[in-house]
Every structure is written in structure tokens, then in C-alpha cells.
DNA sequence: GTAATAAGTCAAGACAATTGACTTAATAAG
DNA sequence: CTTATTAAGTCAATTGTCTTGACTTATTAC
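Below is the structure:
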């Protein structure tokens with residue numbers, strides 16, 4: 001007899017969950033602190049020397065960790081620091097944007113080893129998928145050419161594309177319409193590459209990148225305000241990326257602002273899309289990025305107008321983010337040209353008063369993120385790395401995977 | 001030699017962490033599903049029958065769980081359902097508000113066993129602390145009068161008061177100024193009661209209550225929009241209350257809204273404080289709650305004006321919450337009179353379009369929370385219960401406590 | 001009346017962290 | 001130069017907790 005009312009419960013855990021967690025904690029500690037001895041690790045993680053020794057030995061056997069030269073630092077036996085082995089793991093990151101697709105290969109410490117870029121043909125997903133698969137294959141084979149065993153240490157393929165996902169009428173962005181949203185892209189990629197495939201929206205990917213190699217490195221509570229073609233927020237809460245109930249948390253582009261008696265999505269007021277429109281520029285122009293960087297650094301008045309307007313909305317967005325999330329810091333990141341970001345940050349300041357104005361702050365309220373147009377692709381790649389190696393609640397549970 | 005740069009790392013875990021987690025998972029499963037057999041628990045938690053049996057036996061010995069009558073439900077041996085023992089644990093909840101202090105005693109399943117209320121004398125913290133301690137002592141001794149062993153099973157004292165905490169100029173609310181913010185209340189309470197003391201802001205407490213016994217019961221992603229004297233949001237993310245870097249996450253009362261060329265904190269536009277001001281009512285009036293309930297239920301035009309105005313801001317707040325957090329549901333709760341909440345919800349609808357409008361929703365986008373003016377006190381008490389018995393990442397770690 | 005099914009127990013085993021004594025290698029003090 | 005002290009790290013035995021597979025019990029289906 002079927003009671004039909006399903007039982008809801010969280011998963012339990014066992015020895016393997018414990019062990020997996022402790023391994024992840026070691027890797028995390030080495031990632032954040034650079035190099036640590038076994039004794040350091042034992043102190044920092046509250047585990048015993050012996051346990052740490054066993055785990056480190058195992059990680060070393062697995063090629064994830066490697067010892068450095070012993071260091072004398074006072075009385076007692078010199079300690080042997082251990083550090084992550086960059087080539088201990090690799091992941092491919094894929095950024096699918098409106099007008100371009102980028103693939104990168106990244107290693108365990110987040111270094112980019114290979115980049116490739118392609119335009120997306122207008123034919124839609126069916127032809128687009130082919131281009132994407134070729135791009136991934138290209139990056140993988142080139143990586144295999146310079147690194148032994150890269151394929152054996154490949155932990156997955158991370159995809160980043162503009163969200164929100166799974167929503168009926170996805171705003172007014174014609175790019176997202178129909179085709180790409182309905183196309184079973186992840187399944188196609190998984191089948192075509194044989195890799196585990198994960199998906200993030202572009203803001204989340206940017207945040208993941210900042211956490212692995214950028215300003216959010218080792219920060220447990222940070223919000224990345226992402227200004228790209230669209231606008232979004234990547235949420236790092238309790239040291240983990242927060243995705244929401246449906247993976248759309250932080251998709252603030254569609255947040256409605258009310259002014260002058262009418263409502264406008266934030267995205268229309270502060271995003272590269274709005275800048276392109278303001279400049280009557282063609283978003284598909286491959287030289288646009290450089291041109292805007294140039295204009296911005298020269299203080300072009302037309303751009304200035306947009307910056308002033310966008311800064312008002314961004315300043316307020318930051319205020320709201322601080323108020324709602326109470327983060328340690330807000331990171332302004334995105335695929336915007338560096339000079340533009342610089343000017344934007346200058347224009348945003350001074351920030352509005354908020355609860356973030358507290359004595360004893362360790363981090364600035366607002367700081368710039370990675371100035372790399374590839375940061376979303378890097379974050380996409382950081383996704384699988386993080387999933388495989390970072391400490392997270394889900395990873396101790398028996399139902400993980 | 002001291003390297004002085006402290007090592008940052010997450011804590012590891014061990015067998016006891018595993019065991020603690022599994023115990024919590026059992027309790028959580030029983031809380032959410034009511035009664036479950038050992039076999040049910042094994043299936044739901046991914047643990048083996050044997051493990052579940054051992055843990056249940058232990059929980060039964062500890063008086064947290066109790067077997068019911070066996071149920072025949074088809075072929076096979078009848079199953080013996082287990083359920084939580086309400087008197088397995090108790091906690092005291094304390095709500096410290098501007099004009100009143102409330103204490104409640106709550107049991108393991110969140111039932112309120114005792115309530116007590118007192119006005120706060122104007123003398124400030126030093127005299128106030130005495131009143132509060134007496135109130136807590138009163139509730140405890142009365143509880144001890146009706147329940148054997150209640151003191152032995154007391155897990156803590158939860159305090160809820162308006163935030164934000166630890167911020168310099170804490171808005172313009174004279175109540176929060178100076179005295180109470182600086183007074184070491186928690187230490188005094190811990191010393192005076194001998195209990196573990198925890199602190200939440202009132203919105204967080206309301207959310208904790210909703211999670212234990214209300215609309216957020218068993219929901220992993222929910223935001224409680226709290227409309228009380230102030231306004232706030234209690235964030236339930238990944239099944240846990242999110243507190244932010246400094247415990248102030250969700251304190252949206254100070255969020256600035258821009259309209260008509262000037263900025264106003266949300267709190268000034270939608271909160272009972274703003275209603276009191278609109279009505280020129282004295283917040284300290286003990287009959288105010290009932291009077292407003294009466295006025296609201298009769299459709300008083302003066303109140304209607306306020307409702308219409310507040311609804312605009314709340315509608316937009318909900319839109320923003322949905323956009324930012326992507327929750328399964330938003331719960332409107334607070335210490336507002338029931339009739340007012342009813343009218344408010346009616347006035348708020350229809351909601352603004354957002355990513356929450358998705359096919360296959362299981363829960364309403366907006367729903368009313370507990371209609372109990374004591375809900376904040378209940379949530380305060382639910383805090384220690386949750387800390388002691390709910391599954392949470394921190395609880396598996398060696399540095400917990 | 002017998003087979004099938006499901007709940008639950010028993011006892012042995014596996015896994016991973018802990019414990020306490022021990023080894024090694026350096027500096028500090030006399 | 002010798003010895004004490006300190007700290008890193010190892011060894012071997014132990015402990016705590018979950019798992020495994022066989023077994024028992026109680027019920028319904030045929």
C-alpha cells in the first residue's frame with residue numbers, strides 16, 4: 001500500500017561523509033592559507049595530528065597536495081609545509097553569452113591554462129550546440145597537449161549563462177527566448193563531452209571566480225554585484241554560493257524600480273545592455289569592449305552621462321544588498337571594461353549610509369573584482385572544482401551525487 | 001616565533017559529529033512528518049535500518065522520542081511509528097520590545113506552555129534587567145509546577161529584540177539608542193538564569209517560529225516578511241536561518257526608498273510605528289492592539305488609507321524578496337492584529353510579476369503567518385530548540401559550542 | 001495452509017578518528 | 001659543548017559509529 005504522501009527528510013551521513021568533509025577542509029585550508037604544515041592544519045581544523053597526517057598522506061598519494069622544503073621556525077623539529085598541486089585537478093568552464101561563447105581550462109588553484117572563444121551562429125541551439133561542443137573539445141585537447149593526465153583529472157564542465165532559468169516569459173530579452181531556454185543544453189553537453197555538467201547564471205559564476213581567486217577568497221559572506229550585459233548578484237553566504245529554491249537567487253536584473261510613475265527593470269538602467277543602447281552601439285561588435293574601455297578612460301562625456309545615471313542605481317543596489325544580506329563586503333565585478341569599472345566605482349562613491357557602516361570593519365564596503373572579461377568563464381570552471389573540493393554541507397550527506 | 005597571521009580554516013569533524021547529525025536528522029524528520037517507523041526513517045534518511053534502530057533506541061532512552069501503537073499497513077510485520085515527545089525538551093523565549101516584554105515556555109514540538117508579560121519601566125536597562133529576570137524566573141517556576149523535570153530538560157533562553165545589532169547610530173529609534181544597545185544584556189541574562197542565551201532580531205525570531213510550527217514548517221527556502229513595530233525579513237535559506245556576517249541580515253527597515261526626490265527608510269512607510277503615527281496613537285497603550293484589530297475589521301477609512309499606502313511598499317518589497325532570494329514562498333508575519341494582516345494581504349494582491357511566477361509552484365507566493373502576537377516570543381524560544389535539535393552544518397563540526 | 005512481503009534484530013566487520021607513548025630535529029640555556 | 005626544552009610528526013592500539021548479511025517476527029495474498 002502506498003501512502004502517497006512522500007516522506008520529507010534530510011539525509012544522514014556516515015564515516016565516508018566525515019572523511020570526505022575532512023579532506024575538503026584540508027584542501028580549503030591550503031587554498032586559503034597557501035601553505036601549511038600538518039601541525040598547522042591540525043590546530044586550524046581541530047583535528048588531531050594523526051588524523052591530519054593520514055589525510056595529507058592520502059591527498060599526496062592522490063596528487064592533490066605536495067610537500068615543500070621544511071622550514072625551521074624556532075625550537076622543535078622543522079615543519080614541512082604542504083600546498084595544493086595546481087595540476088591536481090582541472091575543469092572546463094564555458095560561458096555562453098548573447099554574442100560570444102568562451103571556454104577556459106582551469107586548474108585546482110584557479111589558474112587559467114587555456115582560453116578559446118567563438119561567435120555563436122544565429123542558427124539557434126541546434127547549430128550553436130555544435131559550435132560549443134567543438135570549442136570545449138578544442139580547449140580540452142590543447143590542454144591535454146601541455147599537461148599530462150589532464151583528462152584523468154578533469155572533474156567537470158561548468159556552464160555559465162544569463163538567467164533566470166525555468167521561468168516562463170523570461171523578460172524581454174529576445175536572446176533568452178524560446179530556443180535556448182527550452183533546448184536541453186546540459187544533457188547535450190554531458191552526452192557530447194562525457195563530463196559532469198553544472199549550470200550557474202553569470203553572476204553566480206563571477207562570484208564563484210571571486211571566491212576561488214579573487215576578492216572573495218576566504219570570505220564567508222560576500223555579495224558580487226555583477227554588471228555585464230545584464231545585471232545580477234552572486235551570493236556567497238556562509239562560505240557557499242547560494243542558489244535559492246530554483247537556482248535563480250540573485251537575479252536582480254528583473255527587479256522593478258519605480259520612478260517617475262512607471263516601473264523599469266534594474267537591468268534597463270544599469271547594465272552594459274543599457275550602455276550599448278545609450279551609445280547606439282551594436283552589442284555584437286567584437287571591438288566594442290576595447291572601444292568602450294578607450295572611451296571610458298578618456299572620460300567621454302556620453303559615457304559619463306550613462307555612468308552618472310547607472311551609479312545612482314548601483315549605489316542604491318549596494319545599499320540594499322548591504323541591508324538585506326549584511327555581508328562582509330560587496331564586490332563589483334562583471335565583464336565590463338576595466339576603465340569603465342574604475343569610473344563606475346568612482347561615481348558610485350560615497351556609498352549610502354547603511355548597517356555596513358560599523359566600527360572595526362576588516363574589508364572595504366565596496367571593492368572591485370577581477371578585471372578580466374573572462375571572469376565568468378573562469379567562474380564557470382570554478383564551479384566543478386568547488387563542487388568537488390570545497391567543504392559544503394551537502395557533501396557530507398549520503399545523498400550527495 | 002609567532003607568524004602573527006592567523007590561520008583561517010574550517011573545522012573538521014569526527015564520529016561524534018556524524019552521530020550528532022544523524023540524531024538531528026531523525027528528530028527533524030519526525031518533526032516534519034509527524035510519525036515515522038524505523039523503516040520509514042531508514043528510507044528517508046538513506047541510513048540503514050540498523051543505524052536508525054540504534055539511534056531511535058538512544059533517543060527513546062533520552063526521552064526525546066516515543067513509540068506509538070503498531071500499525072498494520074499491508075503485508076509484512078506491522079510498523080511501530082515513533083514520534084517526538086513534546087516534554088522531551090523545553091526552552092524559554094523572551095521578547096523585548098519597545099513597550100512590553102514577553103516570556104514564554106515552549107516544548108520540543110513548539111507548543112506554548114506558559115506565557116507572561118510585563119511592561120518595561122522607563123528606568124532603562126539596569127532596572128529593566130531586573131524586571132526581565134523576574135519574568136523569566138516566573139515562567140520557569142510556573143512551568144516547573146506543571147511539568148516534572150522541566151528544568152533538567154531546559155535547553156536555553158532565546159532572546160528576540162529589534163535589531164540591528166552592533167551598529168553605531170542605530171537609525172532614529174530613540175528606544176534602541178545608547179542604553180539597551182550597550183548594556184551587556186545577554187551576559188546579565190546568562191548569569192542571572194544559568195541558561196545558554198541566544199539572540200535574534202524580531203524578524204528572525206518570527207521566521208524561526210514559522211519554521212517550527214507555522215507556514216515555513218519543513219520548507220527549506222522561505223522569507224518571512226515581518227511587520228511589527230519595525231519591519232524586517234527573517235531568512236530561511238537552505239533550511240537554516242541566515243544571520244549574515246554580523247547577525248543583521250534581513251534588517252530591511254533601514255532600507256532607503258527614493259520617491260518624490262527624497263529618501264525614506266522602509267520602516268517609516270510600512271510598519272506599525274508608521275500606523276501609530278498615522279493614527280496619532282500612543283504605542284504604549286495596552287489596548288491599542290485590540291483597538292486596531294477592531295478598526296481594521298470594521299474597515300475604518302483612516303486605517304484603510306494607511307493600508308493602501310503600506311501595501312504599495314510591501315508589494316514591492318515582496319517582489320524584491322522574490323527576485324533576490326528566489327524562495328519557495330514568502331510569509332507575511334508579525335505582531336500586527338489579525339484583521340489588519342488580513343486586510344493588508346488583500347490590499348497587497350495582486351503581486352507584481354517576478355521570477356516567482358513559475359509553472360508547478362507547490363506553495364503560494366504569499367501566505368499569512370501565525371496570527372499570534374506572541375509569535376516573536378515563541379520564535380525566540382524556538383531558537384535554542386533549533387540550535388539543540390535541528391540538523392545544521394555547524395553542528396557536525398568539532399568547533400560547535 | 002503456504003508463499004510473499006515488510007519490519008526489525010543480532011553479531012560480526014569495516015572505517016576513520018583518537019589516544020598516548022615514542023622518535024626526530026631543531027633552538028636555548030648553562 | 002652538553003643538556004634541556006620545544007615542536008613536528010609517527011606508531012600501534014583503541015574507540016566510536018555505521019554497515020553488512022543472515023535471521024526472526026508478524027502480517028497479508030493467494
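Protein chains in written order, with the UniProt record's numbering: chain A, 1 to 401; chain B, 1 to 401.
Positions of the beta carbon are idealized from the N, C-alpha and C atoms, including for glycine.
These figures come from a predicted structure and were not determined experimentally.
Bridge partners of residue 263/B according to DSSP: 258/B. Nearest neighbour of residue 225/A by Cα position, chosen from 308/A, 201/A and 63/A, turns out to be 201/A. Pairing residue 306/B with residue 274/B gives a Cβ-Cβ distance under 9 angstroms. Taking the Cβ atoms as the reference, residue 157/A lies roughly 6 angstroms from residue 189/A, within the contact range of under 8 angstroms. DSSP places residue 107/B within a strand segment (E or B) once states are collapsed to three.
Assignment of alpha helix (DSSP H) within the region 266–330 of chain B, counting only whole runs of 4 or more residues, yields 266–269, 272–279, 288–297 and 301–325 in chain order. Your pair residue 31/B and residue 90/B does not check out as a contact, with CB atoms roughly 15 angstroms apart and the cut at 8 angstroms.
Taken through DSSP and simplified to helix, strand or coil, residue 246/B comes out as coil.
Distance from the CA of residue 49/B to the CA of residue 18/B, rounded to the nearest whole angstrom, comes to 16 angstroms. Taking 7 angstroms as the upper bound on Cβ-Cβ separation, chain A lies near residues 391 and 393 of the region 365–393 of chain B.
In terms of beta-carbon proximity, residue 183/A stays away from the interface with chain B, with every pair separated by 9 angstroms or more. For residue 396/A, the three-state secondary structure derived from DSSP is helix. Annotation: the continuous beta strand (DSSP E) that includes residue 225/A extends over 222–227. Contiguous beta strand (DSSP E) elements confined to the region 119–190 of chain A occur at 154–161, taking only those with 3 or more residues. In the DSSP annotation of this structure, the continuous segment of the beta strand (DSSP E) that includes residue 201/A starts and ends at 197–201.
The Cβ neighbour count for residue 22/A, taken over all protein chains shown within 10 Å, is at least 16; the residue is labelled buried. Taking C-beta separations shorter than 8 angstroms and ignoring five residues to either side along the sequence, the partners of residue 352/B in its chain run 315, 316, 318 and 319, following chain order.
CA-to-CA, the gap between residue 239/B and residue 9/A works out to about 11 angstroms. A residue is called buried once 16 or more other Cβ atoms fall within 10 Å of its Cβ, and residue 75/A, having fewer, is exposed. For residue 50/A, the enclosing alpha helix (DSSP H) stretches over residues 49–61. Counting C-beta pairs with one atom in each stretch, the region 39–54 of chain A and the region 102–118 of chain A have fewer than three that are closer than 8 angstroms, which means they do not touch. DSSP places residue 43/B outside any beta strand (DSSP E); the residue lies instead in the alpha helix (DSSP H), whose first and last residues are 38–45. Residue 207/A is positioned such that its CB atom lies closer than 9 angstroms to that of residue 379/A.
Straight across, the Cα-Cα distance linking residue 232/B with residue 270/B is about 10 angstroms. Not flagged as an interface residue toward chain B: residue 341/A, since no C-beta distance is shorter than 9 angstroms. Contact annotation: in the region 325–337 of chain B, residues whose CB is within less than 8 angstroms of a CB in chain A are 325, 326, 327 and 328. If you look at residue 19/B, you'll find it isn't in any beta strand (DSSP E); it sits in the alpha helix (DSSP H) that goes 15–33. Residue-level contact check: residue 276/B does not touch chain A, since none of the beta carbons of chain A fall below 9 angstroms from its beta carbon. Spatial neighbours of residue 163/A in its own chain (CB-CB distance under 6 angstroms, excluding positions within 5 residues in sequence) are listed in chain order as 201, 248 and 251. Within the model, the alpha-carbon separation for residue 86/A versus residue 64/A is close to 8 angstroms. Here DSSP, grouped into helix, strand and coil, assigns residue 338/B to helix. Using a C-beta cut-off of 8 angstroms, the region 366–382 of chain B makes contact with the region 334–341 of chain B, since at least three inter-stretch Cβ pairs fall below that distance.
Bridge pairing for residue 67/A: 82/A [DSSP].
The beta carbon of residue 250/A falls within 9 angstroms of a beta carbon belonging to chain B, placing the residue at that interface. Under the Cβ distance rule, residue 398/B counts among the residues neighbouring chain A, one pair being separated by less than 9 angstroms. Just measuring C-alpha positions, the residue of 125/A, 98/A and 57/A sitting nearest residue 84/A is 57/A.
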